[in-house]
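Visitor: Below: one structure in structure tokens.
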């Protein structure tokens, strides 16, 4: 079958932008392994973001002119929205199935004639919430029982038949990739000594809801109250293509907080990592913190 897969996030050849996009590409690869032709329609990050082939039979077409970076991907001129409709329609005319990641294509009339599966990776972002009310997908995937119950208790209140279409599919962990490995390259890269430093991870993108401020407060208590003066927290910096005004303002705020609390030496900000680098990254730490207010979404981290 030809399966068209939609992502409102940009998809890159050698980089993932977070847990949701990682799971999206894993789904596409699995569909390909089962013999299907996969076409990925996604947002275009910039003019240099060109179509590419992933694997043997996955065509990635970063053609959709959504507003980048987040938030408000639909903050765009009406002509661009019309172009998105035309590009999606073009691919769906020859599609056997349509998979919508994160439920964020808020134009349900586009896929009425194609059997459609929509997944919701969180119950937090406005596009996902609105998408749960608008979706006309034949089947709906949630990533946890909690997430499914949120959809049933909200959109399901006004769309009673919705509950019959919801299926819970836990993300899970790919144990072939994610297992303990030698962390020495991580120690060398960030000048860490595991016999001296207490290494903590904050493996989330720079966004207030991901809990970086809460991590700072925890580290402040560890350093100033409990005497862990050699704590080092590794924090990834966001991809340049995905950086916007909100991200820049948040970084400025965090830098000021670290300076005012005297914690600058305890935080190491480093370039965004590839999926292949993550096992050693996790293996290097004593603790990984997930302290934000998007609890049901943190399963995407791994």
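Residue numbers (the working numbering): 923 to 1224. Here a beta-carbon is modelled for each residue, glycine too, at the ideal position from N, C-alpha and C.
May I ask you to report which of helix, strand or coil DSSP gives residue 1079?
Guide: In this structure, residue 1079 counts as helix in the three-state DSSP scheme.
Visitor: According to DSSP, is residue 1030 helix, strand or coil?
Guide: In this structure, residue 1030 counts as helix in the three-state DSSP scheme.
Visitor: Quick one: complete beta strand (DSSP E) runs, 3+ long, within the segment 942-1021?
Guide: Complete beta strand (DSSP E) runs here, min 3: 959-965, 974-976 and 980-986.
Visitor: Can you check whether the CB of residue 1098 is closer than 7 Å to the CB of residue 944?
Guide: Against a cut-off of 7 Å, the Cβ pair of residue 1098 and residue 944 comes out as no contact.
Visitor: What residue from 1144, 1101, 1010 and 1129 has the CA that sits closest to residue 1121's CA?
Guide: That would be 1144, whose Cα lies nearest to the Cα of residue 1121.
Visitor: Give the single residue among 1176, 1201, 1182 and 1199 whose Cα lies nearest to the Cα of residue 1190.
Guide: Of 1176, 1201, 1182 and 1199, the residue nearest in Cα terms is 1176.
Visitor: Would a check of beta-carbon distances place residue 1116 closer than 7 Å to chain E?
Guide: The chain labelled as chain E is not found in the depicted structure, where only one protein chain is given.
Visitor: Give a yes or no on whether the C-beta atoms belonging to residue 966 and residue 985 are separated by under 7 Å.
Guide: Yes. Within cutoff.
Visitor: If we ignore side chains and look at the alpha-carbon of each, how far apart do residue 939 and residue 1195 end up?
Guide: Cα to Cα, the separation comes out at about 9 Å.
Visitor: Shortest alpha-carbon distance to residue 936 belongs to which of 975, 1044, 1128 and 1040?
Guide: That would be 975, whose Cα lies nearest to the Cα of residue 936.
Visitor: Give the single residue among 1002, 933, 991 and 978 whose Cα lies nearest to the Cα of residue 971.
Guide: Residue 933 is the option with its Cα nearest to residue 971.
Visitor: Who are the near neighbours of residue 1055 in its chain, counting only those whose CB is closer than 6 Å to its CB and skipping five residues on each side?
Guide: Hits under 6 Å: 1077.
Visitor: Would you call the segment 1111-1129 and the segment 1149-1157 in contact, with 3 or more CB pairs under 8 Å?
Guide: With a cut-off of 8 Å, the segment 1149-1157 and the segment 1111-1129 count as touching, because enough Cβ pairs lie within range.
Visitor: Going by Cα to Cα distance, which pick from 1042, 1093, 925 and 979 is closest to residue 1070?
Guide: Ranking the options by Cα distance to residue 1070, first place goes to 1042.
Visitor: For a test of the three-state rule: what should DSSP assign to residue 1209, helix, strand or coil?
Guide: Note: residue 1209 maps to strand in three-state DSSP.
Visitor: With a threshold of 8 Å on Cβ separation, who are the neighbours of residue 1015 within its own chain once the five nearest residues in sequence on each side are excluded?
Guide: Answer for residue 1015: no residue qualifies.
Visitor: Out of curiosity, what's the CA-to-CA distance linking residue 1107 and residue 1096?
Guide: Each residue's alpha carbon lies about 22 Å from the other.
Visitor: Which stretch, first to last residue, makes up the beta strand (DSSP E) that contains residue 1157?
Guide: Its beta strand (DSSP E) spans residues 1153-1158.
Visitor: For the alpha helix (DSSP H) that contains residue 1108, what are its first and last residues?
Guide: First-last of the alpha helix (DSSP H) with residue 1108: 1106-1111.
Visitor: On the three-state DSSP scale, how would you describe residue 1095?
Guide: The answer is coil: DSSP assigns residue 1095 none of H, G, I, E or B.
Visitor: What three-state label does DSSP hand residue 1044 in the structure shown?
Guide: Coil, per DSSP.
Visitor: Nearest CA to the CA of residue 1088: which residue from 951, 1034, 949 and 1038?
Guide: Among 951, 1034, 949 and 1038, the Cα nearest to that of residue 1088 belongs to 1038.
Visitor: When the Cα atoms are used, what is the spatial distance from residue 958 to residue 925?
Guide: Their Cα atoms are separated by approximately 7 Å.
Visitor: Does the Cβ of residue 949 have 16 or more other Cβ atoms within 10 Å, making it buried, or fewer, making it exposed?
Guide: Buried, since its Cβ has 16 or more Cβ neighbours within 10 Å.
Visitor: Looking only at its chain, what residues have a beta carbon closer than 6 Å to the beta carbon of residue 1091, apart from the 5 residues adjacent to it on each side?
Guide: Excluding residues within five positions, the ones whose Cβ falls inside 6 Å are 1063.
Visitor: DSSP state of residue 1224, grouped into three classes?
Guide: Bear in mind that a pLDDT of 44 at residue 1224, under 50, signals an unreliable position, so the number given afterwards is only what the model happens to contain. Coil at residue 1224, not helix or strand.
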